[in-house]
Amino acid sequence: VQALSYRHKLCELMCHMLTCYGSRPKPEDSSQLDLNTAAQTKETLAAYHAGQWFRVKVKQSMNDEVFSVYFCDYGNVGFVVRSKIRTLRDEFRLLPYQAVRARLSSK
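Using UniProt numbering, the first residue of the sequence shown is number 1, and each one after it goes up by one.
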């Protein structure tokens, strides 16, 4: 679930991320990242998935190249290859995460 109040700001952030990181990630740009440490420290990173950049947290390594990630603004989990993960620039950390945990109650 997402709050509507920040929807426009999230769209702006994602467009700006695409401009900054580009639409064709280069594998060498991610070669210095220690993604296993990022999973332990819960560091927020940028990941290119389905034609867009997202703010993610690495959940775990599936193997040396594939990682399970949590999409901080959408609340879902997916898989991303190492070559499409980058360090998140500070300017993209300012907007609070947009995913909000919710559940239906019978009360």
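Note that CB positions come from ideal geometry on N, CA and C, so glycine has one too.
In this structure, does DSSP put residue i in helix, strand or coil?
{"i": "R24", "result": "coil"}
{"i": "Q32", "result": "coil"}
{"i": "S68", "result": "strand"}
{"i": "R101", "result": "coil"}
If you follow the beta strand (DSSP E) that residue i is in, where does it begin and where does it stop?
{"i": "A47", "result": "T44 to H49"}
{"i": "K57", "result": "Q52 to S61"}
{"i": "G78", "result": "V77 to V81"}
If you drop the 5 nearest sequence neighbours on each side, which residues of the same chain put their C-beta closer than 7 Å to that of residue i?
{"i": "K59", "result": "A39, S68, V69, Y70 and V77"}
{"i": "R82", "result": "S30, L35, E65 and F67"}
Could you tell me which of the options sits nearest to residue i, measuring between CA atoms?
{"i": "R7", "options": "G22, T19, V100 and L18", "result": "V100"}
For the ligand NAD, any of its heavy atoms closer than 7 Å to the Cβ of residue i?
{"i": "C11", "result": "Looking at this structure, you won't find the ligand NAD or any other ligand, since it has none at all."}
Excluding the 5 residues preceding and the 5 following residue i in the sequence, name in chain order all residues of the same chain whose CB lies nearer than 6 Å to its CB.
{"i": "F54", "result": "A47 and F71"}
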